[in-house]
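Using the working numbering, you'd call the opening residue of the sequence shown number 35 and step up by one each time.
Virtual Cβ for every residue (Gly too), placed ideally from N, Cα, C.
Scroll down for the structure; my scribbles are underneath it.
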Amino acid sequence: MATEVATTSAHNAARCGLTPRYGIMPLESKTTTEAAMSTFEGFPAGRLRTTLLPNLFFSVVLPQIDNLAELKVTLHVYWLLQQPLTPGRRWRAVRAVELAADATLRRSLLAVGEAVDDLWPEGLERAVARGTLLRLRLATEEREEDWYFLNDAAGRELVAKIKSGEIALQPGERVREAPPPGERPNIFLLYEQYIGLLSPMIAEELQEAEQLYPAAWIAEAFAAAAERGKRSWRYVRVMLERWRTEGKR
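Here is the structure:
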């Protein structure tokens, strides 16, 4: 059930080294008296599929996590990467676009707050900043795509082989340096990356849009426009306006 988003405390954000841009609820901000809790009837009898987590996750990583979105995203990625490979997933890694469309993750994050399109990117950023996940950015002439790997021996080896060229990429694809964890490209950089040089008039419109829309929406709209061959700010702006008025799916 969706609940009201509480303001993230500056203390909790500082402990993780990230700015609380999206009002993410810290773990201690929500109690069972603030929202109705659905009960779980227990795991059924019989043999069940399991998801493995290293003991170090419980003894070292978990005690440090104080943000519910980060915890949910981290556990969800662990679960996804232990599923059989599906079309579009070349390695034991998950793409950001998969997480954006993952109905199970979105439903899980609704327990944190209604701004799901802000919560999952923030959870990913925190997991990368903490070192739980590794991020690799692959680029072509038309688009960029972020892949996330577990920061274990196999994940580190896989990332190293991709970067060194030992593992071949698709034609026209190359590794591109991703921004440091916690640093998102602002709207001006996205415009120059996907469309071209800025003009003073466009810069004013971009500044207004940055105040109106979540950063995750803006980045997704630029990427979607480029993927469709519509490299114009007008197309991106119309997409953002439609998401705001009709709801983003």
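Along the chain, where does the alpha helix (DSSP H) containing residue i start, and where does it finish?
i	result
E226	I221 to Y228
Y269	W267 to E280
L246	P234 to L246
R141	A137 to L143
W251	A249 to E261
E159	V150 to R164
What is the DSSP secondary structure of residue i, counted as helix, strand or coil?
i	result
D100	coil
R190	helix
A48	The predicted model places A48 with a pLDDT of 40, which falls under 50 and marks its position as unreliable; any figure quoted below should be read in that light. DSSP places A48 in helix when its eight states are reduced to three.
Y112	helix
E207	coil
F74	coil
E132	helix
L119	coil
L105	helix
L184	strand
K264	coil
Rounded to whole angstroms, what is the Cα-Cα separation between residue i and residue j?
i	j	result
V193	Q245	36 Å
L114	T85	9 Å
S142	L231	40 Å
E200	F183	17 Å
I221	E191	34 Å
Y247	L158	19 Å
Y269	E280	16 Å
Y225	L119	34 Å
R171	A163	15 Å
L90	Q116	18 Å
A187	A161	17 Å
M71	V272	39 Å
V95	N185	12 Å
S233	L153	32 Å
F77	L144	23 Å
E211	S93	32 Å
F74	R140	19 Å
Would you kindly report the start and end of the unbroken beta strand (DSSP E) that includes residue i?
i	result
L167	L167 to A173
Measure how close the beta-carbons of residue i and residue j come, nearest whole angstrom, since I'm counting them as under 8 Å.
i	j	result
Y112	L87	6 Å
A250	P155	5 Å
L274	A253	That pair is no contact at about 11 Å.
A257	R265	Contact doesn't hold; Cβ gap of about 11 Å is too wide.
W277	I229	Contact doesn't hold; Cβ gap of about 19 Å is too wide.
D180	A135	Actually they do not touch by this definition, with Cβ atoms about 14 Å apart.
Could you tell me whether any Cβ in chain B is nearer than 7 Å to the Cβ of residue i?
i	result
L105	The structure shown has no chain B; it contains just one protein chain.
Inset, instruction - Pair every Cβ in the segment 163-180 with every Cβ in the segment 117-124, then say whether three or more of these pairs are closer than 8 Å. - result: Touching, no.
Legend entry - Touching by the beta-carbon criterion (3+ pairs, under 8 Å), the segment 157-173 and the segment 104-114: With a cut-off of 8 Å, the segment 104-114 and the segment 157-173 count as touching, because enough Cβ pairs lie within range.
Legend entry - Touching by the beta-carbon criterion (3+ pairs, under 8 Å), the segment 129-148 and the segment 77-94: With the cut-off at 8 Å, the segment 129-148 and the segment 77-94 do not touch.
Inset, instruction - Answer yes if the segment 126-135 comes into contact with the segment 88-102, meaning at least three C-beta pairs across the two stretches below 8 Å, and no otherwise. - result: Contact between the segment 88-102 and the segment 126-135 is absent, with fewer than three C-beta pairs closer than 8 Å.
Inset, instruction - Please determine if the segment 201-208 and the segment 234-251 are in contact, where contact requires at least 3 C-beta pairs separated by less than 8 Å. - result: No contact exists between the segment 201-208 and the segment 234-251.
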